[in-house]
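Colleague: One structure is given below, represented as structure tokens, and several questions about it will come after.
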Amino acid sequence: MIFRAQTANWFEVLVPRPRLARTLEALADSGLVELDFLREDGGESLQFHALLEPLAQWRRSQARYADYWPEPGIPAPQSDVQLERRLLRLAQDVSGWQAEAAPHVDRLEGLLGAQHEWHRLAEFLRAVAADDVLDFSGLSQPRSPLTSALLIVANNQDLPPWPDGVILKQVRLRRFRFLLALGPRRVLDELVRQLAGHAVHRVELPAWLSGPPVQALEQVEDHLRQAAADSAQEQQLIADLNHKYRLAQVLGELRRLEWLVEHLEGIPVSAYLARITGWTRASGEAQLADALRGYELAAVVGFAPPPVGLSPPTFTANPAWIRPFEMFVKLLGTPGQNEADPSPAVAVIAPCLFGYMFGDVGQGAVLFVLGVTLRKRWPMLGMLIPGGLLAVVFGLLFGSVFASEQLLRPLWVSPIHDPLLIMLVPLVGGAIIILLGLLFQALGALWSHHFLDWLSADAGIPLCYLGLLLSWQLADAGLLMALIGVLWFLAGSIWNDRKGGPAAWLGAVGELLERGMQLAVNTLSFIRVGAFALAHAGLSLAVMSLVEATDGGVAAGLIFILGNVLIMALEGLVVSIQTTRLILFEFFVRFVRGEGRPFRPLGPPTSPQINKREKS
Numbered sequence: 006m007i008f009r010a011q012t013a014n015w016f017e018v019l020v021p022r023p024r025l026a027r028t029l030e031a032l033a034d035s036g037l038v039e040l041d042f043l044r045e046d047g048g049e050s051l052q053f054h055a056l057l058e059p060l061a062q063w064r065r066s067q068a069r070y071a072d073y074w075p076e077p078g079i080p081a082p083q084s085d086v087q088l089e090r091r092l093l094r095l096a097q098d099v100s101g102w103q104a105e106a107a108p109h110v111d112r113l114e115g116l117l118g119a120q121h122e123w124h125r126l127a128e129f130l131r132a133v134a135a136d137d138v139l140d141f142s143g144l145s146q147p148r149s150p151l152t153s154a155l156l157i158v159a160n161n162q163d164l165p166p167w168p169d170g171v172i173l174k175q176v177r178l179r180r181f182r183f184l185l186a187l188g189p190r191r192v193l194d195e196l197v198r199q200l201a202g203h204a205v206h207r208v209e210l211p212a213w214l215s216g217p218p219v220q221a222l223e224q225v226e227d228h229l230r231q232a233a234a235d236s237a238q239e240q241q242l243i244a245d246l247n248h249k250y251r252l253a254q255v256l257g258e259l260r261r262l263e264w265l266v267e268h269l270e271g272i273p274v275s276a277y278l279a280r281i282t283g284w285t286r287a288s289g290e291a292q293l294a295d296a297l298r299g300y301e302l303a304a305v306v307g308f309a310p311p312p313v314g315l316s317p318p319t320f321t322a323n324p325a326w327i328r329p330f331e332m333f334v335k336l337l338g339t340p341g342q343n344e345a346d347p348s349p350a351v352a353v354i355a356p357c358l359f360g361y362m363f364g365d366v367g368q369g370a371v372l373f374v375l376g377v378t379l380r381k382r383w384p385m386l387g388m389l390i391p392g393g394l395l396a397v398v399f400g401l402l403f404g405s406v407f408a409s410e411q412l413l414r415p416l417w418v419s420p421i422h423d424p425l426l427i428m429l430v431p432l433v434g435g436a437i438i439i440l441l442g443l444l445f446q447a448l449g450a451l452w453s454h455h456f457l458d459w460l461s462a463d464a465g466i467p468l469c470y471l472g473l474l475l476s477w478q479l480a481d482a483g484l485l486m487a488l489i490g491v492l493w494f495l496a497g498s499i500w501n502d503r504k505g506g507p508a509a510w511l512g513a514v515g516e517l518l519e520r521g522m523q524l525a526v527n528t529l530s531f532i533r534v535g536a537f538a539l540a541h542a543g544l545s546l547a548v549m550s551l552v553e554a555t556d557g558g559v560a561a562g563l564i565f566i567l568g569n570v571l572i573m574a575l576e577g578l579v580v581s582i583q584t585t586r587l588i589l590f591e592f593f594v595r596f597v598r599g600e601g602r603p604f605r606p607l608g609p610p611t612s613p614q615i616n617k618r619e620k621s
């Protein structure tokens with residue numbers, strides 16, 4: 006039903022035990038199920054205690070060597086009967102690769118680290134190439150009482166005073182500076198330890214470095230070329246080992262088996278059958294059975310009442326154009342099974358509020374194009390499509406095109422010339438939105454079987470509110486309706502709390518005043534929509550005034566372009582925030598509680614999805 010959160014169904018699937026792994030993968034690939042196993046005392050269930058250590062060992066290897074592994078391949082489906090034996094063999098393959106590859110990885114990392122240091126050293130040597138006094142011969146001899154230290158320090162980094170007896174040469178570059186220090190080994194080592202907390206990096210000077218800067222630079226570049234050749238050789242040796250051990254295929258199968266161990270653990274089984282249970286968003290048994298039939302899997306699918314004590318998850322089933330607007334509801338949680346899902350209403354309200362505050366044909370068209378272009382990468386930006394279209398519509402009504410009111414005659418009214426009307430229209434629209442929120446509150450009471458309680462007292466609130474709104478045009482009828490609503494609420498509240506005595510009267514009056522003030526404040530909050538529409542028009546007027554103040558030409562074009570960019574950036578941010586605030590705190594406040602548990606579908610294995618109709 007539209008506007009109502011959907012409740013997941015409890016499902017049970019019986020499958021032959023050899024097909025359990027394939028069935029679980031097929032269910033995960035469908036995206037229709039969330040597992041929730043029934044724990045039966047004394048019943049047999051799958052356990053994989055023997056695989057905990059091999060899996061832990063593989064994860065340790067993954068943490069250390071994943072950067073040197075290929076992308077996992079597509080695993081070949083295997084029966085869960087072979088699961089333990091298969092995983093142990095694959096873990097042994099990884100261990101064999103590690104035993105041969107570890108020395109090459111260590112050497113490669115050493116070479117890469119040395120190259121990084123030597124590149125920094127070469128940068129320093131180029132900066133001091135013209136210095137004929139410097140000579141690097143003997144600066145880093147391990148047994149010499151004197152030593153040197155080359156430090157890299159940020160230009161804005163303050164350092165402590167240097168100790169006596171240390172010769173210092175400083176070379177300042179754009180982002181950082183080099184400090185070459187020469188002095189007693191003991192003093193310099195202590196100095197480097199003190200500088201450890203000042204974001205200072207020490208570049209080791211190799212023992213083979215000698216001669217003036219130009220000669221030393223040639224030595225560094227020779228070592229860099231040799232290190233690059235050695236690194237390439239080590240990388241090729243590692244790649245050869247990846248091929249030798251079929252590592253891509255092994256990793257793909259290991260990821261699949263890890264996923265299976267995680268999700269098969271605890272599934273009830275017998276000698277011949279296995280039972281998968283949980284929640285599904287499938288509308289009926291046939292839909293879930295069809296998902297398994299697509300993999301040529303024979304299974305018995307059944308829906309049943311959920312077990313006692315288990316709360317079903319909820320989900321929304323909105324069309325694709327509404328889904329970006331579900332973000333507003335998710336900010337407050339997941340609607341429960343007896344709560345309204347206002348996403349379809351928000352998909353209309355949010356663009357209208359946004360477009361009214363951002364009414365401009367040209368700027369709205371730019372936002373529309375951005376939404377169409379970026380929605381695949383950032384789905385939430387799909388909201389810019391209807392928002393941009395409504396901005397174009399209100400731009401036509403306001404006569405604004407890229408901040409100019411000279412290009413188009415308003416189809417309705419100019420905000421600058423009729424501000425009171427611009428402020429009044431959102432007030433009426435806000436009242437309609439609040440009435441819709443009160444209706445959703447009534448629907449929630451109906452779905453939770455508390456409609457009579459709502460009707461006995463709370464129904465007087467929307468009646469009173471609607472009467473006050475109608476009193477603007479129909480004074481007598483509107484005020485009479487409002488009075489009936491007040492009496493309805495007070496009588497119902499006192500009757501429901503008839504044992505409370507005089508305190509029930511005071512409580513009912515206090516609650517009526519509080520809720521009436523809330524409705525009044527919520528209604529007046531929508532004036533801000535008109536205020537921001539005027540602010541947008543004011544910014545547009547300021548930009549066009551600056552354009553007209555110039556003599557035209559390049560300056561006028563630059564001001565026009567930058568002004569529109571500034572308006573779109575500034576107003577786009579402000580209008581988005583205000584739209585979100587109005588929806589959350591003026592619309593949702595009466596009926597969205599977020600008491601539901603979100604439906605979390607079982608995801609497929611982390612390796613690529615298995616091919617459909619591939620027989621196990």
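Each number in our numbering corresponds to the 1-based position in the sequence shown with 5 added. Glycine is no exception: its CB is placed at the ideal position from the N, C-alpha and C atoms. In this text the structure is predicted, and so the values were computed from the model without any measurement.
Less than 7 Å between the C-beta atoms of Gly449 and Asn527, yes or no?
Modeller: The residue given as residue 449 occupies position 444 in the sequence shown. The residue given as residue 527 occupies position 522 in the sequence shown. Going by C-beta atoms, Gly449 is not nearer than 7 Å to Asn527.
Colleague: Counting only the same chain and skipping the five closest in sequence on each side, list residues whose C-beta sits under 6 Å from that of Phe333.
Modeller: In the sequence shown, residue 333 corresponds to position 328, counting from 1. Closer than 6 Å at the Cβ level, and outside the excluded window around Phe333, lie Val351, Ile588.
Colleague: Give me the Cα-Cα distance between Asp136 and Ala237, rounded to the nearest whole angstrom.
Modeller: In the sequence shown, counting from the first residue as 1, residue 136 sits at position 131. In the sequence shown, counting from the first residue as 1, residue 237 sits at position 232. Using only the alpha carbons, I get a separation of about 35 Å.
Colleague: With the cut-off set at 7 Å, would you say Glu49 and Val274 are in Cβ contact?
Modeller: Position 44 of the sequence shown holds residue 49. Position 269 of the sequence shown holds residue 274. Their beta carbons are under 7 Å apart, which means Glu49 touches Val274 by this criterion.
Colleague: As a quick exercise: from Pro318, Leu25, Trp326, Lys335, pick the residue whose alpha carbon is nearest that of Asn381.
Modeller: Along the sequence shown, one-based indexing puts residue 381 at 376. The residue asked about is misnamed: residue 381 is Lys in this sequence, not Asn. Measuring from the Cα of Lys381, the nearest candidate turns out to be Trp326.
Colleague: Three or more C-beta pairs under 8 Å: does that hold for the region 439 to 446 against the region 532 to 539?
Modeller: No, they do not touch.
Colleague: Report back the beta-carbon spacing between Ala396 and Phe359 to the nearest angstrom; my notes put them in contact at under 8 Å.
Modeller: By one-based count along the sequence shown, residue 396 stands at place 391. By one-based count along the sequence shown, residue 359 stands at place 354. Correct: roughly 7 Å between the Cβ atoms.
Colleague: Name the DSSP beta bridge partners of Asn14, please?
Modeller: Within the sequence shown, residue 14 is the residue found at index 9, counting from 1. DSSP lists Thr285 as partners of Asn14.
Colleague: For the region 361 to 381 and the region 572 to 588, state whether three or more C-beta atom pairs, one from each stretch, are separated by less than 8 Å.
Modeller: They touch, by the three-pair rule.
Colleague: Distance check for Leu214 and Gln224, CA to CA, integer angstroms please.
Modeller: Counting from 1 along the sequence shown, the entry for residue 224 is found at position 219. Counting from 1 along the sequence shown, the entry for residue 214 is found at position 209. So the alpha carbons of these two residues sit roughly 7 Å apart.
Colleague: Over what stretch of residues does the alpha helix (DSSP H) that includes Leu156 continue unbroken?
Modeller: Looking up residue 156 in the sequence shown gives position 151. Where Leu156 is concerned, there is no enclosing alpha helix (DSSP H), although the beta strand (DSSP E) it sits in stretches over 151 to 159.
Colleague: If you follow the alpha helix (DSSP H) that Ala436 is part of, which residue opens it and which one closes it?
Modeller: Mapped onto the sequence shown, residue 436 falls at position 431. Segment 424 to 452, the alpha helix (DSSP H) holding Ala436.
Colleague: Can you find the residues in the same chain that come closer than 6 Å, C-beta to C-beta, to Gly369, ignoring five residues on each side of it along the sequence?
Modeller: The sequence position of residue 369 within the sequence shown is 364, counting from 1. Counting only Cβ-Cβ distances below 6 Å, and skipping sequence neighbours, we find Gly393, Ala396, Val397, Gly400.
Colleague: Note down, in chain order, each residue of its chain lying with its Cβ closer than 8 Å to the Cβ of Gln240, except the 5 sequence neighbours on either side.
Modeller: Against the sequence shown, residue 240 aligns to sequence position 235. Result list for Gln240: Leu113, in chain order.
Colleague: Among Ser419, Ser405, Leu386, Gly535, which has the Cα closest to the Cα of Asn569?
Modeller: Position 564 of the sequence shown, counting from 1, holds the residue named residue 569. The candidate whose alpha carbon is nearest that of Asn569 is Ser405.
Colleague: Which stretch, first to last residue, makes up the alpha helix (DSSP H) that contains Gln342?
Modeller: Locating residue 342 in the sequence shown gives position 337, where the first residue counts as 1. First-last for Gln342: undefined, no H or E at that position.
Colleague: Do three or more CB pairs link the region 251 to 264 to the region 168 to 180 at distances below 8 Å?
Modeller: Short answer: they don't touch.
Colleague: Does the region 412 to 420 come close enough to the region 547 to 556 to have 3 or more Cβ pairs within less than 8 Å?
Modeller: With the cut-off at 8 Å, the region 412 to 420 and the region 547 to 556 do not touch.
Colleague: Give every residue of the same chain whose Cβ lies closer than 6 Å to the Cβ of Leu126, excluding the five residues on either side of it in the sequence, and list them in chain order.
Modeller: Position 121 of the sequence shown, counted from the start, is the residue given in the question as residue 126. Excluding positions up to five away in sequence, the list reads Val208, Val225.
Colleague: Write down the C-beta distance between Gly289 and Phe16 rounded to the nearest angstrom, noting that I regard them as a contact closer than 8 Å.
Modeller: Indexing the sequence shown from 1 puts residue 289 at position 284. Indexing the sequence shown from 1 puts residue 16 at position 11. About 10 Å; that fails the 8 Å criterion.
Colleague: In the DSSP assignment, find the unbroken alpha helix (DSSP H) run with Leu473 in it and report its ends.
Modeller: As a working note, residue 473 is residue 468 in the sequence shown. Start and end: 465 to 475.
Colleague: Between Pro99 and Trp63, how many whole angstroms is the CB-CB distance? I'm expecting something under 8 Å.
Modeller: Here residue 99 is taken as the residue at index 94 of the sequence shown, counted from 1. Here residue 63 is taken as the residue at index 58 of the sequence shown, counted from 1. The residue asked about is misnamed: residue 99 is Val in this sequence, not Pro. Confirmed, about 6 Å.
Colleague: Terminal residues of the continuous beta strand (DSSP E) containing Leu173?
Modeller: Position 168 of the sequence shown, counted from the first residue, corresponds to residue 173. From DSSP, the beta strand (DSSP E) with Leu173 extends over 172 to 177.
Colleague: Between the Cα of Ala547 and those of Arg24, Leu278, Glu410, spot the shortest distance and give me the residue it belongs to.
Modeller: What you label residue 547 is simply residue 542 of the sequence shown in a count that begins at 1. Of the listed residues, the one whose Cα sits closest to Ala547 is Glu410.
Colleague: For His121, which three-state DSSP category applies?
Modeller: Residue 121 sits at position 116 when you count from the first residue of the sequence shown. Helix, per DSSP.
Colleague: Here's a check: name, in chain order, each residue in its chain whose Cβ is nearer than 6 Å to the Cβ of Leu156, leaving out the five neighbours to either side.
Modeller: Taking the first residue of the sequence shown as position 1, residue 156 is located at position 151. Leu184, Val205, Arg207, listed in sequence order.
Colleague: On the DSSP bridge list, what partners appear for Leu600?
Modeller: The residue labelled residue 600 in the question sits at position 595 within the sequence shown. The sequence shown places Glu at residue 600, rather than the Leu named in the question. Glu600 is bridged to Thr339.
Colleague: Below 7 Å between beta carbons: does that hold for Ser498 and Ala487?
Modeller: One-based indexing of the sequence shown puts residue 498 at position 493. One-based indexing of the sequence shown puts residue 487 at position 482. Not in contact: Ser498 and Ala487 (Cβ atoms no closer than 7 Å).
Colleague: Looking only at its chain, what residues have a beta carbon closer than 7 Å to the beta carbon of Val110, apart from the 5 residues adjacent to it on each side?
Modeller: Sequence index remark: in the sequence shown, residue 110 carries index 105 (1-based). Correct list, in chain order: Tyr70, Tyr73, Ile243.
Colleague: Measure from the alpha carbon of Leu196 to the alpha carbon of each residue in Thr152, Leu229, Leu474, Leu117, then state which is nearest.
Modeller: Start at 1 with the first residue of the sequence shown, and residue 196 comes out as number 191. Taking only the C-alpha atoms, the option nearest Leu196 is Thr152.
Colleague: Sorry if obvious, but does the Cβ on Ile421 come closer than 6 Å to a heavy atom of the ligand SAM?
Modeller: In terms of ligand content, the structure shown is empty, and the ligand SAM therefore cannot be addressed.
Colleague: Whole-angstrom Cβ separation of Leu475 and Gly483, contact assumed at under 8 Å?
Modeller: Taking the sequence shown and counting its residues from 1, one reaches residue 475 at position 470. Taking the sequence shown and counting its residues from 1, one reaches residue 483 at position 478. Going by Cβ atoms, the distance from Leu475 to Gly483 rounds to 4 Å, so yes, they are a contact pair.
Colleague: Label Ile354 either buried or exposed according to how many other C-beta atoms from any shown protein chain fall within 10 Å of its C-beta, with 16 as the threshold for buried.
Modeller: Counting from 1 along the sequence shown, the entry for residue 354 is found at position 349. Looking at its Cβ environment, which holds 16 or more other Cβ atoms inside 10 Å, Ile354 is buried.
Colleague: Please confirm whether Gly387 and Pro329 have their CB atoms less than 7 Å apart.
Modeller: Position 382 of the sequence shown, counting from 1, holds the residue named residue 387. Position 324 of the sequence shown, counting from 1, holds the residue named residue 329. Their beta carbons are under 7 Å apart, which means Gly387 touches Pro329 by this criterion.
Colleague: Is Pro606 buried or exposed, if buried means 16 or more other CB atoms sit within 10 Å of its CB?
Modeller: The count along the sequence shown starts at 1 and reaches residue 606 at position 601. Answer is buried; the Cβ neighbour count reaches 16.
Colleague: Is Leu210 near Leu144, with beta carbons less than 7 Å apart?
Modeller: Sequence index remark: in the sequence shown, residue 210 carries index 205 (1-based). Sequence index remark: in the sequence shown, residue 144 carries index 139 (1-based). Yes, the pair counts as a contact, with Cβ atoms nearer than the cut-off.
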